[in-house]
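Engineer: In my numbering, the protein residues as written are 63 to 731.
We treat Cβ as the ideally placed atom computed from N, Cα and C, and that holds for glycine.
#1: Give the list of continuous alpha helix (DSSP H) stretches no shorter than 4 residues that lie fully inside the segment 219-289.
#2: Just the Cα atoms here: how many angstroms apart are residue 210 and residue 170?
#3: When we look at the beta-carbon of residue 715 and count the other beta-carbons within 10 Å, is it buried (16 or more) or exposed?
#4: Do you know how far the Cα of residue 378 is from the Cα of residue 386?
#5: Which of helix, strand or coil does DSSP assign to residue 119?
#6: With respect to the alpha helix (DSSP H) encompassing residue 506, which residues constitute its N-terminal and C-terminal limits?
#7: Mapping the DSSP letters down to three states, classify residue 306 as helix, strand or coil.
#8: Please report the straight-line C-alpha distance between residue 429 and residue 467, rounded to a whole angstrom.
#9: What is the DSSP secondary structure of residue 498, reduced to helix, strand or coil?
#10: Assign residue 487 to buried or exposed, taking buried as 16 or more other Cβ atoms, counted over all protein chains shown, within 10 Å of its Cβ.
#11: Just to confirm before moving on: does the CB-CB distance between residue 686 and residue 678 stay below 8 Å?
#12: Please report how far the alpha carbon of residue 314 lies from the alpha carbon of residue 336, in whole angstroms.
#13: For residue 452, does the three-state DSSP call read helix, strand or coil?
#14: What's the C-alpha gap between residue 237 and residue 464?
#15: Can you say whether residue 216 is buried or exposed, counting buried as having 16 or more other CB atoms within 10 angstroms of its CB?
#16: Are three or more beta carbon pairs between the segment 648-662 and the segment 530-543 nearer than 8 Å?
#17: For residue 626, I'd like the list of residues in its chain whose CB is within less than 6 Å of its CB, leaving aside the five on either flank, ordered along the chain.
#18: Please go through the same chain and pick out, in chain order, the residues whose beta-carbon is closer than 6 Å to the beta-carbon of residue 610, but skip the five residues on each side of it.
#19: Taking C-alpha atoms, which residue in 137, 117, 182 lies nearest to residue 425?
#20: Checking 8 Å against the spacing of the C-beta atoms, do residue 435 and residue 394 come in under that value?
#21: Can you name the start and end residues of the alpha helix (DSSP H) that residue 140 belongs to?
#22: Between residue 389 and residue 581, how many whole angstroms is the CB-CB distance? I'm expecting something under 8 Å.
#23: If you draw a straight line from the C-alpha of residue 156 to the C-alpha of residue 282, how long is it?
#24: Can you tell me the Cα-Cα spacing of residue 666 and residue 616, whole angstroms?
#25: If I follow the unbroken alpha helix (DSSP H) through residue 631, where does it start and stop?
#26: Indicate the three-state DSSP secondary structure (helix, strand or coil) for residue 412 in the structure shown.
#27: If we count Cβ pairs, one from each stretch, closer than 8 Å, do we get three or more for the segment 575-589 versus the segment 640-650?
#28: Report back the beta-carbon spacing between residue 121 and residue 533 to the nearest angstrom; my notes put them in contact at under 8 Å.
#29: Would you report the Cα separation of residue 485 and residue 262, rounded to the nearest angstrom?
#30: Would you please state the rounded distance, in angstroms, between the beta carbons of residue 125 and residue 703? I believe it to be under 8 Å.
#31: Does the separation of the CB atoms of residue 267 and residue 689 fall below 8 Å?
#32: Please report the straight-line C-alpha distance between residue 422 and residue 578, rounded to a whole angstrom.
#33: Using a Cβ-based criterion (distance less than 7 Å to any ligand heavy atom), does residue 219 qualify as near the ligand SAM?
#34: For a test of the three-state rule: what should DSSP assign to residue 423, helix, strand or coil?
#35: Which whole-angstrom value is the C-beta distance of residue 361 and residue 353, which I expect to be below 8 Å?
#36: For residue 247 and residue 134, I'd like the C-alpha separation in whole angstroms.
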């Protein structure tokens, strides 16, 4: 017998040894990449030859005239047509009556009653008693309403709170009903999923336009737009909670003879409470964001003084209502989050139903007592003598920033220097490249890019979306908006991926940035514009900077979660083979976290586009300005066509940034 021999590795240059594939062979192994490179080459060459990429006038369609005619028909028939008399008018009147009723109730409570009610509700949501969580949430509520009063924002805050309470109540009910359908029926889930996907892609402004067309400016338009905007998170998370219920608990319920309805009430819904509370939290935050934004269509409230101040670049007047909105957002977020944390608190299970009813009675009695005391004192509104004006000091600080920090700082230049440099070296070349490339070449590149990352259906959708933009005659303005979105997205992903990876690998970094991200994610979009005005006095760079801040929290968190959730055994294997930290990151963590990173890109695209449009208020230009003009000046034909173009851009960017293996559950802001 001969002894066994080990196979020796054959050198790559030995005769007959298999040779590694060359660059051309590796490239041909990815035909979609070849198509994309060819399309890019065609676009570059055609742009150099043609020098102009304007959409041809022969391919445009006059959509403004029919829209204007339709608007005039609506104005003439709002009080006579059966559709309005027997359906839409009832929605409008019910919305106004409900909001007026809630405002009257808050007004009757007075500032003492409202403050005590908010504190007691927050205390009860935090678990009541002397627990730290209950005391912190109660203190947050007290500080919120005290500061709102001191800043002189009490009445507009009650306007905002009234509209928001009604919108949240209706959106939560509709969301739960749709969530029940999607959670209990596979067919309903398949039907509703693309609807919710599309609703989450659309920028906030696009919700306002059609309802202004139907209901005119005012509370009804804001109410309907806010409800529709805030429904998806409640519905999706309700469905997720129902579908994720413990099978063992459901099986036990069925074995005890419970009917499907009984299993729903006694097992499925109780097990889904945590997800439903998270959905309620998201619905509340989205409602607040939209209610504030709806000030441009006459909703009033805290958004109105901000909008007026931004129009004249008065940061001092914009900051007090901005602070009030931020505090409301933090109070609402902390209160609903505390209610969710109670579900995991083992002490909650010790309480009897009698104790729970006693605590509810204490809350009700406290609110009633505060109302009686407030009425007896005769102080229903916040006393003027307790108001402190901060407008002048804030404007002094803003003036100092403009004088001292805008330019002339050694080595770093200044805020205005950065803004001008970014516009000259990034935004202007991007816009020129998009506008200078022939329209057909851009359609070709976008279609092949969508096909490369998705499927043929995505490519067709993208081409149709771009074609619709061109057909409406908004090609150049849309390319201007797109250039800002691309620049903001590049910055967002660069910073977000770097910080997210660092937070995933270094625990103390994640602990430090967590409260910052929590705060940023509670702020309505409108609020990001105020510091940008102070630092950069408006313009396209201010809009890009606001967009980056708005989208960063979602990108960082999704990246961190994706890096952390990879299989530990894969990392351990890499370490055992002697891989360095950089090699572990490049060759193991990032490849395995690819689905999460792609989701981060998709969410970044949606959030950046939404904020770039809103930044039209501070000089962002392009489609955002058209939407604002259409809403505020009654030119709905201009605003609606710009809104349709924005929706087309949203669909385009979503399809390009969404991989073929579509994510079933999108991340929620």
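Structural biologist: With the given structure in hand:
#1: Restricting attention to alpha helix (DSSP H) runs no shorter than 4 residues, the segment 219-289 encloses them at 248-263, 267-277, ordered along the chain.
#2: Going by the C-alpha atoms only, they are around 18 Å apart.
#3: The residue in question, residue 715, is buried, as its Cβ has 16 or more Cβ neighbours within 10 Å.
#4: Approximately 14 Å, taken between the alpha carbons.
#5: Helix at residue 119.
#6: It spans 501-515 - the alpha helix (DSSP H) in which residue 506 sits, taken as one unbroken run.
#7: Under the three-state reduction of DSSP, residue 306 is assigned to coil, being neither helix nor strand.
#8: Residue 429 and residue 467 have their C-alpha atoms spaced approximately 49 Å apart.
#9: Reduced to three states, the DSSP call for residue 498 is helix.
#10: Residue 487 comes out exposed.
#11: Yes, the Cβ-Cβ distance between residue 686 and residue 678 is below 8 Å.
#12: So the alpha carbons of these two residues sit roughly 21 Å apart.
#13: Residue 452 falls in the coil class under three-state DSSP.
#14: C-alpha separation (whole angstroms): 46 Å.
#15: By the beta-carbon neighbour count (other beta carbons within 10 angstroms, threshold 16), residue 216 is buried.
#16: Verdict: no, contact absent.
#17: If we look at residue 626 and ignore the five residues flanking it on each side, its Cβ neighbours are 566.
#18: For residue 610, where only same-chain residues beyond five positions count, the Cβ hits under 6 Å are 550, 553, 554.
#19: Of the listed residues, the one whose Cα sits closest to residue 425 is 182.
#20: It is not a contact, given that the beta carbons lie outside the stated cut-off.
#21: Run containing residue 140: none; DSSP gives neither H nor E here.
#22: At roughly 11 Å, the Cβ-Cβ gap does not stay under 8 Å, so residue 389 and residue 581 are not in contact.
#23: Those two C-alpha atoms are separated by around 9 Å.
#24: Distance between the alpha carbons of residue 666 and residue 616: 7 Å.
#25: According to the DSSP assignment, residue 631 belongs to the alpha helix (DSSP H) that extends over 630-638.
#26: Because residue 412 sits at a pLDDT of 49, beneath the cut-off of 50, its placement in the model cannot be relied upon, and the point is left open.
#27: The segment 575-589 makes no contact with the segment 640-650; the number of CB pairs closer than 8 Å stays below 3.
#28: Contact between residue 121 and residue 533 holds: CB atoms are separated by about 6 Å, below the 8 Å threshold.
#29: Cα to Cα, the separation comes out at about 30 Å.
#30: The C-beta distance from residue 125 to residue 703 rounds to 6 Å, short enough to meet the 8 Å contact threshold.
#31: Yes, the Cβ-Cβ distance between residue 267 and residue 689 is below 8 Å.
#32: Spanning the two alpha carbons is a distance of roughly 34 Å.
#33: Annotation note on the ligand SAM: not contained in the displayed structure, which lists no ligands.
#34: The three-state secondary structure of residue 423, taken from DSSP, is helix.
#35: Yes, residue 361 and residue 353 are in contact; Cβ-Cβ is about 6 Å, under 8 Å.
#36: Those two C-alpha atoms are separated by around 43 Å.
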